[in-house]
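So the structure is just underneath, and the comments pick up after that.
Residue numbers (this note's numbering), protein chains in the order written: chain V, 8 to 435; chain A, 42 to 146.
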């Protein structure tokens, strides 16, 4: 690869080799961009999907190549360069240069920042020693999970710190592999930041029924180590509780990787600040994915999302901008989480809701929770209700009020409430 | 070893591509620049790998399961021949399969 050639004056660099970065590169080609394109990634892998990391990949049901967005040959065919296992140290905006960790410099014509995020680390005094231990892991990358899954053996005692989606998915995967699992959540309920108490209670019950020792209102205060100091043997918690452990996985949130942008003087406020076209405060630099703070038409405020749909759709908007065909990013957020036999699909953002309406039965593990604010439908969490989820996406996108009694009434098909879809295309 | 697929993309352009039996149709289609988004990676959660199977192949592809039917039911561009390509496993019997990518929703 002749990636370091500086003869081209129209070279587009994409810093960050995750889902947003990969999508942005291919989207540029789809939109007819013929410029040299290079993705710079800190990991050694091709851009890959992270959602399976806490599920199928952790359980060993799929291997690394099937995580890749596209295989190596597709990058070669599209003439998209990859500089992997490489860090960008800084951006020299005046000279439009990137400086790499080995001191080399390249010149960009346009730059895309898809730097994503990193796992939030524990702040206990022993965290540095824990991070050197062989059985203590955060979960963000393929390498994290390769290390975890080598220890995911039946009968082992796993302590999961954090009752968010990552923690709960790890717990479900470990139960499937017959580990003894404890989940520790500092707040009074799991998924507290993203769902209603009813949903939290449902998921807590599901995990307890599966055999998970799930504890809330409990914080980690310290760790015990083996005599050699390289293995965590127990987790100390508030209330004087000590939980013996063979393996510790911590999933306590994500920090956006904004330092590179910040050091370059770009606007940063809970993410790299971009406009509706994914342009940063420098017109030659776009950004997309978990690392951005973007205006949401739907929410009426700036938001930062940690989700694959956001990474993909915002990357496409950023690519359109670079290709000279700008369009606005106005997608309604959506998410999914698979645990046990439960397919959870979510649309909208429930933050600020004042009413929850349940349709269907939690006992039958098939229901949808609708979140309303001043009567307006702002979000829906659907469990094992894919069809109603698809309708709910349209309902939530409509930004309208709906009668709570009708939302709850299973005798009224949800789709009778939905705006009619546009006419289908002629039969092919 | 490999099989051939005839695919019409969203611009109406026809492509003759190779695929390996064993994987899903989606996994082959997402390798192409003009291919499917497959945002959820094959979990049957997003319906962004929607395709139309040519009528003569309709009875040769494996039947839909309920979760696939549930997602398809509410798609704006659903047709009789609609499938989510992540749910179609490629076999030797599908050598020559002909399909069209559905518009993005």
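Glycine included, every Cβ here is placed at the ideal spot set by N, Cα and C.
**Q.** Every unbroken alpha helix (DSSP H) within the segment 45-131 of chain V, with a cutoff of 4 residues, ordered by chain
**A.** 71-74, 79-84
Q | Run of the alpha helix (DSSP H) containing residue 61 of chain A, from where it starts to where it stops | A | Note, residue 61 of chain A: premise wrong, no alpha helix (DSSP H); not H, not E.
Q) Going by beta carbon distance, what residues of the same chain come within less than 7 Å of residue 59 of chain A, once the five residues before and after it are set aside? A) 43, 45
Q.
Just to confirm, is the Cβ distance from residue 297 of chain V to residue 318 of chain V under 8 Å?
A. yes
Q) Cα-Cα, which of V:336, V:129, V:174 is closest to residue 310 of chain V? A) V:336
Q. If you draw a straight line from the alpha carbon of residue 10 of chain V to that of residue 53 of chain V, how long is it in whole angstroms?
A. Residue placement at residue 10 of chain V is flagged as unreliable, the pLDDT there being 46, under the threshold of 50; the coordinate-derived value follows with that caveat. One C-alpha to the other measures close to 16 Å.
Q | Cβ neighbours of residue 303 of chain V in the same chain (closer than 6 Å, five flanking residues each side left out) | A | 310
Q: Just the chain A side, please: which residues come within less than 7 Å of residue 345 of chain V by C-beta, in chain order?
A: 84
Q) Any chance the segment 358-378 of chain V sits against the segment 316-333 of chain V, with 3 or more Cβ pairs inside 8 Å? A) no
(Q) For the segment 216-223 of chain V against the segment 378-386 of chain V, do three or more pairs of beta-carbon atoms, one drawn from each stretch, fall closer than 8 Å, so that the two count as touching? (A) no
Q.
Let me check one thing: in DSSP terms, what residues is residue 353 of chain V bridge-paired to?
A. V:342, V:388
Q.
Applying the 10 Å Cβ sphere with the 16-neighbour rule, what's the burial state of residue 138 of chain V?
A. exposed
Q.
For residue 187 of chain V, report the span of its beta strand (DSSP E) as first-last.
A. 187-191
Q) When you compare only the Cα positions, how much space is there between residue 51 of chain A and residue 324 of chain V? A) 19 Å
(Q) Counting only C-beta atoms, is residue 369 of chain V closer than 8 Å to chain A at any point? (A) no
**Q.** Where residue 12 of chain V falls, given that 16 or more other Cβ within 10 Å makes a residue buried
**A.** In this prediction, residue 12 of chain V scores a pLDDT of 46, lower than 50, which makes its location untrustworthy; the coordinate-derived value is nonetheless stated afterwards. Residue 12 of chain V is exposed by the Cβ-count criterion.
**Q.** For residue 231 of chain V: DSSP bridge partner residues
**A.** V:241
Q. Would you call the segment 260-267 of chain V and the segment 123-132 of chain V in contact, with 3 or more CB pairs under 8 Å?
A. yes
(Q) Check whether chain A comes within 8 Å of residue 8 of chain V, counting only Cβ atoms and requiring the distance to be less than that. (A) Low per-residue confidence applies at residue 8 of chain V: pLDDT is 42, beneath 50, and the placement is therefore not dependable enough to give any value.
Q) Residue range of the beta strand (DSSP E) that residue 409 of chain V falls in? A) First-last for residue 409 of chain V: undefined, no H or E at that position.
Q | Span separating the alpha-carbon of residue 436 of chain V from that of residue 396 of chain V | A | Residue coverage of chain V in this structure runs from 8 to 435, which leaves residue 436 of chain V outside it and unanswerable.
Q | Local Cβ density within 10 Å of residue 135 of chain A, reported as buried at 16 or more and exposed below that | A | buried
Q) Mind checking whether residue 426 of chain V and residue 392 of chain V have CB atoms under 8 Å apart? A) no
Q. Can you find a CB in chain V that lies within less than 8 Å of the CB of residue 128 of chain A?
A. no
Q. Does any CB atom of chain V fall closer than 8 Å to the CB of residue 90 of chain A?
A. no
Q | Backbone secondary structure at residue 33 of chain V - three-state DSSP | A | helix
Q.
List, in chain order, every chain A residue whose beta-carbon is nearer than 7 Å to that of residue 393 of chain V.
A. 108, 111, 112
(Q) Suppose only complete runs of 3+ residues qualify. What are the beta strand (DSSP E) ranges in the segment 51-92 of chain A, listed by chain order? (A) 55-60
Q: Please list the partners that residue 74 of chain A has in chain V, where partner means a Cβ-to-Cβ separation under 7 Å.
A: 33, 36, 37, 85
Q) Hey, how far is the Cα of residue 164 of chain V from the Cα of residue 92 of chain V? A) 33 Å
Q: Quick one: grab the DSSP three-state call for residue 28 of chain V.
A: helix
Q: Using a Cβ cut-off of 7 Å, pull out every chain A residue sitting near residue 77 of chain V, in sequence order please.
A: 71, 72
Q: Please decide whether residue 60 of chain A counts as near chain V, where near means a Cβ-Cβ distance under 8 Å.
A: no
(Q) Here's the rule: buried if 16 or more other CB atoms are within 10 angstroms of the residue's CB, otherwise exposed. What is residue 14 of chain V? (A) Legend: pLDDT at residue 14 of chain V = 47, less than 50; position of this residue unreliable, no value from coordinates given.
Q.
Please report whether the beta-carbon of residue 81 of chain V lies at a distance below 8 Å from any beta-carbon of chain A.
A. yes
Q: Evaluate the contact criterion for the segment 188-200 of chain V versus the segment 68-81 of chain V: three or more CB pairs, one atom per stretch, below 8 Å.
A: no
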